[in-house]
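Asker: Sequences listed follow chains A and B, in order. Each number in my numbering comes from the position in the first sequence (counting from 1) with 78 added on. Each number in my numbering comes from the position in the second sequence (counting from 1) with 78 added on.
Protein chains: 2
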Amino acid sequence: MIFNFYLPAQQVNEKFKGYIHKNKKVLLNEFKEFLSIPNIAADSVNIFRNAYFIKKMLHNRGLSAELLSADVPGSSPVVFAEIKKPGATKTIIFYAHYDGQPVNEKNWAQGLAPFSPQLANDRLDRNGKIIDFPNDNNIKDEWRLYARSSSDDKTGVFAIIAGYEAAIKSEVDLNANIKFFFEGEEEAGSTNLGRILLKYKDKLAADLWIICDGPRHVSGRKQVVFGVRGDMNVELKVYGPKRPLHSGNYGNWAPNPAMQLVQLLASMKDKNGYVTIDGFYDDVIPLSEQEKKAIADIPGIEETLKDEFKIARPDGEGKPFLELLSLPSLNINGIQSANVGSMAANVIPSIAIAELDLRLVPGNDVDRQLEKLKDHIRKQGFYIVDKEPTDEELSNHGPVVKVSTVGSAYNAQRTSMDLPIAKVVANRVQATSSEKIVLLPSLGGSLPLYLFEQYLDTKPITVTIVNYDNNQHAENENIMLRFLWEAIEIVAAIMTGEY
Amino acid sequence: MIFNFYLPAQQVNEKFKGYIHKNKKVLLNEFKEFLSIPNIAADSVNIFRNAYFIKKMLHNRGLSAELLSADVPGSSPVVFAEIKKPGATKTIIFYAHYDGQPVNEKNWAQGLAPFSPQLANDRLDRNGKIIDFPNDNNIKDEWRLYARSSSDDKTGVFAIIAGYEAAIKSEVDLNANIKFFFEGEEEAGSTNLGRILLKYKDKLAADLWIICDGPRHVSGRKQVVFGVRGDMNVELKVYGPKRPLHSGNYGNWAPNPAMQLVQLLASMKDKNGYVTIDGFYDDVIPLSEQEKKAIADIPGIEETLKDEFKIARPDGEGKPFLELLSLPSLNINGIQSANVGSMAANVIPSIAIAELDLRLVPGNDVDRQLEKLKDHIRKQGFYIVDKEPTDEELSNHGPVVKVSTVGSAYNAQRTSMDLPIAKVVANRVQATSSEKIVLLPSLGGSLPLYLFEQYLDTKPITVTIVNYDNNQHAENENIMLRFLWEAIEIVAAIMTGEY
Chain A
79 MIFNFYLPAQ
89 QVNEKFKGYI
99 HKNKKVLLNE
109 FKEFLSIPNI
119 AADSVNIFRN
129 AYFIKKMLHN
139 RGLSAELLSA
149 DVPGSSPVVF
159 AEIKKPGATK
169 TIIFYAHYDG
179 QPVNEKNWAQ
189 GLAPFSPQLA
199 NDRLDRNGKI
209 IDFPNDNNIK
219 DEWRLYARSS
229 SDDKTGVFAI
239 IAGYEAAIKS
249 EVDLNANIKF
259 FFEGEEEAGS
269 TNLGRILLKY
279 KDKLAADLWI
289 ICDGPRHVSG
299 RKQVVFGVRG
309 DMNVELKVYG
319 PKRPLHSGNY
329 GNWAPNPAMQ
339 LVQLLASMKD
349 KNGYVTIDGF
359 YDDVIPLSEQ
369 EKKAIADIPG
379 IEETLKDEFK
389 IARPDGEGKP
399 FLELLSLPSL
409 NINGIQSANV
419 GSMAANVIPS
429 IAIAELDLRL
439 VPGNDVDRQL
449 EKLKDHIRKQ
459 GFYIVDKEPT
469 DEELSNHGPV
479 VKVSTVGSAY
489 NAQRTSMDLP
499 IAKVVANRVQ
509 ATSSEKIVLL
519 PSLGGSLPLY
529 LFEQYLDTKP
539 ITVTIVNYDN
549 NQHAENENIM
559 LRFLWEAIEI
569 VAAIMTGEY
Chain B
79 MIFNFYLPAQ
89 QVNEKFKGYI
99 HKNKKVLLNE
109 FKEFLSIPNI
119 AADSVNIFRN
129 AYFIKKMLHN
139 RGLSAELLSA
149 DVPGSSPVVF
159 AEIKKPGATK
169 TIIFYAHYDG
179 QPVNEKNWAQ
189 GLAPFSPQLA
199 NDRLDRNGKI
209 IDFPNDNNIK
219 DEWRLYARSS
229 SDDKTGVFAI
239 IAGYEAAIKS
249 EVDLNANIKF
259 FFEGEEEAGS
269 TNLGRILLKY
279 KDKLAADLWI
289 ICDGPRHVSG
299 RKQVVFGVRG
309 DMNVELKVYG
319 PKRPLHSGNY
329 GNWAPNPAMQ
339 LVQLLASMKD
349 KNGYVTIDGF
359 YDDVIPLSEQ
369 EKKAIADIPG
379 IEETLKDEFK
389 IARPDGEGKP
399 FLELLSLPSL
409 NINGIQSANV
419 GSMAANVIPS
429 IAIAELDLRL
439 VPGNDVDRQL
449 EKLKDHIRKQ
459 GFYIVDKEPT
469 DEELSNHGPV
479 VKVSTVGSAY
489 NAQRTSMDLP
499 IAKVVANRVQ
509 ATSSEKIVLL
519 PSLGGSLPLY
529 LFEQYLDTKP
539 ITVTIVNYDN
549 NQHAENENIM
559 LRFLWEAIEI
569 VAAIMTGEY
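1. Based on Cα-Cα distance, which residue from A:Y533, A:E555 and A:A565 lies nearest to A:N182?
2. Please report the distance separating the alpha-carbon of A:G329 from that of A:P427.
3. Leaving aside the five residues before and after A:P406 along the sequence, list all residues of the same chain whose C-beta is less than 8 Å from its C-beta, in chain order.
4. So is A:M558 in contact with chain B if we call contact Cβ pairs under 8 Å?
5. If we define contact as Cβ-Cβ less than 8 Å, is A:M337 a contact residue for chain B?
6. Could you spell out the range, first to last residue, of the alpha helix (DSSP H) harbouring A:Q341?
7. From the DSSP output, which residues share a beta bridge with A:Q491?
8. If A:V302 sits next to A:I543, beta carbons under 8 Å apart, how far is it from one beta carbon to the other, in whole angstroms?
9. So is A:P293 buried or exposed if we call it buried at 16+ other beta carbons inside 10 Å?
10. What first and last residue would you give for the alpha helix (DSSP H) that runs through B:W563?
11. Could you give the residue range of the beta strand (DSSP E) that holds A:Y278?
12. Return the residues of the stretch 352-371 of chain A that lie within a Cβ-Cβ distance of less than 8 Å from chain B, sorted by chain order.
13. B:L113 touches chain A at which residues, Cβ-Cβ below 8 Å?
14. Flag B:Y577 as yes if its beta-carbon sits less than 8 Å from any beta-carbon of chain A, otherwise no.
15. On the premise that A:Y577 lies in contact with A:K168, defined as a C-beta separation below 8 Å, what is that separation, rounded to the nearest angstrom?
16. Tell me the rounded alpha-carbon separation between B:E381 and B:N128.
17. What in chain B is Cβ-close to A:E433, meaning under 7 Å?
18. Quick one, which of B:M337, B:G305 and B:S297 has its alpha-carbon nearest B:I379's?
19. Residues bridged to A:D464 by DSSP?
20. So if DSSP puts A:I429 in a beta bridge, which residue, or which two residues, is it bridged to?
21. Can you give me the C-alpha to C-alpha distance between A:A490 and A:E471, rounded to a whole angstrom?
22. Classify B:Y207: buried if its beta carbon has 16 or more other beta carbons within 10 angstroms, exposed otherwise.
23. Hey, does A:L451 have any beta-carbon neighbour from chain B nearer than 8 Å?
24. Tell me the DSSP secondary structure of B:I161 in three-state form.
25. Taking Cβ to Cβ, would you say A:V425 is nearer than 8 Å to B:H551?
26. Quick one: residues in its chain with C-beta nearer than 7 Å to the C-beta of A:K95, no 5 flanking neighbours on either side, listed in chain order?
27. Are the stretch 279-293 of chain B and the stretch 196-215 of chain B touching by the rule of at least three beta carbon pairs closer than 8 Å?
28. State the start and end residues of the unbroken beta strand (DSSP E) segment that holds A:N411.
29. Which residue wins for smallest C-alpha separation from B:M346, given the options A:F109, A:Q341, A:D348 and A:M346?
30. Using a Cβ cut-off of 7 Å, pull out every chain A residue sitting near B:H324, in sequence order please.
31. B:G485 and B:G152: beta carbons closer than 8 Å?
32. Just the C-alpha distance for B:D177 and B:E261, rounded to the nearest angstrom, thanks.
33. Compute the Euclidean distance between the alpha carbons of B:I431 and A:E433, then round it to the nearest angstrom.
34. Given a limit of 9 Å on CB to CB distance, which residues of the stretch 376-397 of chain A reach chain B?
35. Could you compute how far the alpha carbon of A:I288 sits from the alpha carbon of A:V541?
36. Does the beta carbon of B:I462 come closer than 8 Å to any beta carbon on chain A?
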């Protein structure tokens, strides 16, 4: 704690708001330029362009940044910077990731492309029209900026940098050391994050990690999240005849791998959306009383979501949304066999593929979860291989499925809602808001936050920042500008907290 | 019957063989040029290029051809020609189709493209190499020509035309009137064939239709087929959330349309490949004693197929292949929801689509079959729509599936194995072969042959011509050249039969 003249938190926040308001045009243009750089983790050349751009943004704010490397060929660099506050006793490190989910450009709405940011005066699927970027600060809060990572998670990166700018330019003192940590392969499973944390353990020492990522509460309220689900991607590939066969000449005799795959997948869940794999829920640690209470305090959003997404009957037999998200999940991310639509032909396909996403909660373990899945697959009569099967394997076993994990898999993480430094953060965020903010025990989504506990013995908490209807991970990703400005303000408020 | 000097059938066939052998290079080059013209039924410009090319081929053999139109915009013309033999009492009409199945070029093997015919010295997936087209008649029987429709069914078209040439140039008299009928939208479901048959009923009058299409018996034996299964394509489209959702933030609550679709599809068949839709097999007319006997005479091919396609456990609990193909079928032609592989993302998809192919046998009816399918879908709890659902429908019913038939659907057809004129054809084909030919009550595949019975009161029989491993309807379609030459010989033999 350093001695300083403190304005009441709300008054400070007004300063940040004012600064942001006066600089909207400049900030928006800089953000647009940032979004124009493709950022798929596998695209190493562009990943480095992003890293250099972030370095330049930090440099322009008087911060000298460096790239931290995992020393793994093809890995993405972490962009790191820090500012030491003389006399400060605490260190807060801000995290966001600059890489984005893969894109299928042809699925984007007309006029949009993932890496050509466009502004619209409303949501495009709701009468919004694409508009020119403005030449002044007359920028409406409800406008939307469309681009890959406009919300997930370049908003996080940009808000952290611009939040620092807002704090400094508003002449509000920091009173903790601040570190900046921008990852470039989160959407690829943060394969090298652990390596980086270990290698730069001393440099990264901090009292708390603040993760800026994910959507705010559906009600629009600001939100602090104390945990995340773990995540594991598994690909299933079922093998049929060695080549596609005419469905008339061989149908009823040659087994169809698409039918075998759908039977396998169908066996994994019941009609209420519960996973029917033996023991799937057995090791789940139930919510604590405090977590249950926090959840009960959060306004229900089920009706809003049902209307927004046109869902008649949600999974989970009417159980509350947040209760369901506290359970592990199994989701079909994608499935494909042969072709549909105008490319469809009367064939028995030779392969069928499904991508699964399994989310984990405290108590679950990725290895155990994978074994449960494999046991289930075997019980359905499948022969499991871990690489392309030989002709001999195909001839001697049937049906044959290749089961492979994709990217890295990791467990869930939760930080206690009682941690004092985390309470300060929550109070700073609350001070930016006239409504009660949401304190969420765990996000449905995933980040490899267990790494901070495991490798650095530091707790993370997550401050979610973007509009919930941002289409992250899909086509037409966007951010409503109000959420961008408020993200900057939230970061400035946290940075200037009394730790 | 006309009076003429008849050589024994085998001796006549030697003449055809000799003629074909001397003209291999010329014939192969002409066929290659024919295959170079794209022939997807929806590609009207190229369809007409095919029709004109066929007209030219007929013209070059002294036959004047005409295009028969269904007078339906976008329909493909039939190429028709005829030759009247003075004194002949019977008329035989030869049918083949010049359109091909849709192509997905990226799935073709390296070096191949659907409409750039390539020659290989063996099957490419079995050490074959692409070779130059020859400048002489030194052309090996085992070479393969790769291109869309190289077997299905431009071989049929070309063999009919070249077979006529072989008969005439060998100076063997025809003794029936011969008609030529080449369809251009069979793979699109022969939507307008009925219209054409009715409109040109008199012009198309004949005693027998000979359909040249489909693969010969797997044993390599020549084959005459007395029937076909009917066919119906149905698309199922299941609707999830109005837009793709983050699988972490909404997983366990938002229903996944891919999971709903796989559960629906899985409910349609058991693990032995039998269809579990109520009453699916109820109206099947069992095989006659004669048909059963014919089937029993055909050499078993199950072990060959299992080895060829690397199938460990065929559908149908070990029942004979031909017995299973005498039943109606339900096949998944293709399935897709969101993306797999490198394009996969952690999403709950917003739609999931499957294409089904239902084959029908005598006794089945397309309308009844569709109703059985729909009843089954309703029993699984789905709400069926026939066009894109409104938001209101989505909000009030769940799960929602659009069920639509694709192309035209038609019933099975069978011609009695006792029909005298058909017996002559069978005997002529037998005379080209040193092995016992296969007489098959019904092909597993489909052609709208019911139309000839229904509209023209004429019976059709099918002479299959291509190698069974031709990859028809899929990538890398090919014909082994021996089968091309033999197809020409078979046609010449049938054309010169004593009717």
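Think of the CB as a built atom: it goes at the ideal place given N, C-alpha and C, for glycine as much as any other residue.
Answerer: Put simply:
1. As a position in the first sequence, residue 182 of chain A is number 104, starting the count at 1. Each of A:Y533, A:E555 and A:A565 was checked against the Cα of A:N182, and the nearest Cα belongs to A:E555.
2. For the purposes of this step, residue 329 of chain A is identified with residue 251 of the first sequence, where counting begins at 1. For the purposes of this step, residue 427 of chain A is identified with residue 349 of the first sequence, where counting begins at 1. Distance between the alpha carbons of A:G329 and A:P427: 11 Å.
3. By one-based count along the first sequence, residue 406 of chain A stands at place 328. R307, V353, F358, Y359, V362, L436, R437, L438, V439, N442 and Q447.
4. For the purposes of this step, residue 558 of chain A is taken as the residue at position 480 of the first sequence. False, the Cβ-Cβ gap to chain B never drops below 8 Å.
5. Taking the first residue of the first sequence as position 1, residue 337 of chain A is located at position 259. A:M337 counts as touching chain B.
6. Position 263 of the first sequence, counting from 1, holds the residue named residue 341 of chain A. For A:Q341, the uninterrupted alpha helix (DSSP H) run begins and ends at P335 to A344, by DSSP.
7. Taking the first residue of the first sequence as position 1, residue 491 of chain A is located at position 413. Answer is A:V306.
8. For this step, residue 302 of chain A is matched to residue 224 along the first sequence. For this step, residue 543 of chain A is matched to residue 465 along the first sequence. A:V302 to A:I543, Cβ: 11 Å. No contact.
9. Locating residue 293 of chain A in the first sequence gives position 215, counting from the first residue. It is buried - the Cβ of A:P293 has at least 16 other Cβ atoms within 10 Å.
10. Position 485 of the second sequence, counting from 1, holds the residue named residue 563 of chain B. In the DSSP assignment, B:W563 falls within the alpha helix (DSSP H) that extends over L559 to M573.
11. Residue mapping note: residue 278 of chain A aligns to position 200 of the first sequence, counting from 1. Neither: A:Y278 is in no beta strand (DSSP E) and is coded neither H nor E.
12. none
13. Counting from 1 along the second sequence, the entry for residue 113 of chain B is found at position 35. Going along chain A, no residue has its Cβ under 8 Å from B:L113, so there is no contact; the nearest lies around 18 Å.
14. As a first step, residue 577 of chain B must be located in the second sequence, where it is residue number 499. Proximity of B:Y577 to chain A, defined by a Cβ-Cβ separation below 8 Å, is not satisfied.
15. Walking along the first sequence from the start, residue 168 of chain A turns up at place 90. Walking along the first sequence from the start, residue 577 of chain A turns up at place 499. At roughly 4 Å, the Cβ-Cβ gap stays under 8 Å, so A:K168 and A:Y577 are in contact.
16. Mapped onto the second sequence, residue 381 of chain B falls at position 303. Mapped onto the second sequence, residue 128 of chain B falls at position 50. Each residue's Cα considered, the two are about 39 Å apart.
17. As a position in the first sequence, residue 433 of chain A is number 355, starting the count at 1. In chain order: V418 and A422.
18. As a working mapping, residue 379 of chain B is identified with position 301 in the second sequence. When each option's Cα is compared against that of B:I379, the closest is B:S297.
19. Taking the first sequence and counting its residues from 1, one reaches residue 464 of chain A at position 386. In DSSP, A:D464 forms no bridge with anything.
20. The residue you call residue 429 of chain A lines up with position 351 of the first sequence. Paired residues: A:Y317.
21. Indexing the first sequence from 1 puts residue 490 of chain A at position 412. Indexing the first sequence from 1 puts residue 471 of chain A at position 393. So the alpha carbons of these two residues sit roughly 37 Å apart.
22. For the purposes of this step, residue 207 of chain B is taken as the residue at position 129 of the second sequence. Before going on, a small fix: residue 207 of chain B reads as Lys here, not Tyr. Exposed is the call here.
23. On the first sequence, position 373 is the one that residue 451 of chain A refers to. Cβ-Cβ to chain B under 8 Å: no for A:L451.
24. If you number the second sequence from 1, residue 161 of chain B lands on position 83. Taken through DSSP and simplified to helix, strand or coil, B:I161 comes out as strand.
25. Residue 425 of chain A sits at position 347 when you count from the first residue of the first sequence. Residue 551 of chain B sits at position 473 when you count from the first residue of the second sequence. Cβ distance < 8 Å, so A:V425 and B:H551 count as in contact.
26. Translated into the one-based positions of the first sequence, residue 95 of chain A becomes position 17. Cβ-Cβ distances below 7 Å link A:K95 to E567 in the same chain, with the five nearest sequence neighbours on each side left out; the list follows chain order.
27. no
28. Within the first sequence, residue 411 of chain A is the residue found at index 333, counting from 1. Under the DSSP assignment, A:N411 falls in the beta strand (DSSP E) whose first and last residues are S407 to A416.
29. Counting from 1 along the second sequence, the entry for residue 346 of chain B is found at position 268. The shortest CA-to-CA distance from B:M346 to any of A:F109, A:Q341, A:D348 and A:M346 is the one to A:Q341.
30. Walking along the second sequence from the start, residue 324 of chain B turns up at place 246. Residues of chain A passing the Cβ test: G523, Q550 and H551.
31. For the purposes of this step, residue 485 of chain B is taken as residue 407 along the second sequence, with counting starting at 1. For the purposes of this step, residue 152 of chain B is taken as residue 74 along the second sequence, with counting starting at 1. Going by C-beta atoms, B:G485 is not nearer than 8 Å to B:G152.
32. By 1-based counting over the second sequence, the position of residue 177 of chain B is 99. By 1-based counting over the second sequence, the position of residue 261 of chain B is 183. Cα-Cα distance, rounded: 7 Å.
33. To locate residue 431 of chain B, count along the second sequence from 1; it is residue 353. To locate residue 433 of chain A, count along the first sequence from 1; it is residue 355. For B:I431 and A:E433, the distance between alpha carbons rounds to 16 Å.
34. E380, L383, K384, D385, E386, F387, K388, I389, A390, R391, P392, D393, G394 and K397
35. Sequence index remark: in the first sequence, residue 288 of chain A carries index 210 (1-based). Sequence index remark: in the first sequence, residue 541 of chain A carries index 463 (1-based). Each residue's alpha carbon lies about 7 Å from the other.
36. As a first step, residue 462 of chain B is located in the second sequence; it is residue number 384 there, counting from the start. No - not a single Cβ of chain A is within 8 Å of the one on B:I462.
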